[in-house]
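Note that the sequence shown ends on residue 111 in our numbering; no numbers are left out. Backbone N, C-alpha and C define an ideal beta-carbon position, used for all residues, glycine too. Because the structure is a prediction, the values reported are computed rather than measured.
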Amino acid sequence: MNRGHVPQRTCRGCGRKGPRAGLLRFVVIGGRLVEDQQGGMPGKGVYCCDQDVCRERLAKSKKVLKAD
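Right under this line is the structure:
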């Protein structure tokens with residue numbers, strides 16, 4: 044990986060792209076959406092902006108909750 048390369052992630056709420064450090068990571072554990080503050084929880088993670096609207100959309104997303 045290039046030293047100048049910054050990994051990009053996409054917010055599942057609004058579709059905005061940004062650096063991984065600028066978005067929140069969530070994983071599904073036991074059918075519940077849990078914020079992964081350390082970034083090391085097992086499972087497929089999804090990223091979301093720190094906006095209330097995006098968090099609400101993510102929480103309502105049936106596709107995300109089926110990832111468990």
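Going along the chain, which residues of its own chain have a beta-carbon closer than 8 angstroms to the beta-carbon of residue i, five neighbours each way excluded?
{"i": "Arg55", "result": "Val89, Tyr90, Cys91, Cys97, Arg100, Leu101, Ser104 and Val107"}
{"i": "Val77", "result": "Phe69, Val70, Val71 and Met84"}
Could you name the residues of the same chain whose beta carbon sits closer than 6 angstroms to that of residue i, not counting the 5 residues immediately before and after it, in chain order?
{"i": "Arg52", "result": "Arg63, Leu66 and Tyr90"}
Expressed to the nearest angstrom, what Euclidean distance is found between the alpha-carbon atoms of residue i and residue j?
{"i": "Lys87", "j": "Asp79", "result": "11 angstroms"}
{"i": "Lys109", "j": "Gly61", "result": "25 angstroms"}
{"i": "Val49", "j": "Asp95", "result": "25 angstroms"}
{"i": "Gly82", "j": "Arg46", "result": "21 angstroms"}
Please return the same chain residues whose Cβ sits closer than 7 angstroms to the Cβ of residue i, not counting the five positions on each side in sequence.
{"i": "Cys57", "result": "Cys92 and Cys97"}
From the DSSP output, which residues share a beta bridge with residue i?
{"i": "Arg54", "result": "With the sequence shown as reference, residue 54 is identified as Cys, and Arg is not the correct amino acid for it. The partner list for Cys54 (beta bridge, DSSP) reads Tyr90."}
{"i": "Lys106", "result": "Answer by DSSP bridge pairing: none, since Lys106 is not bridged."}
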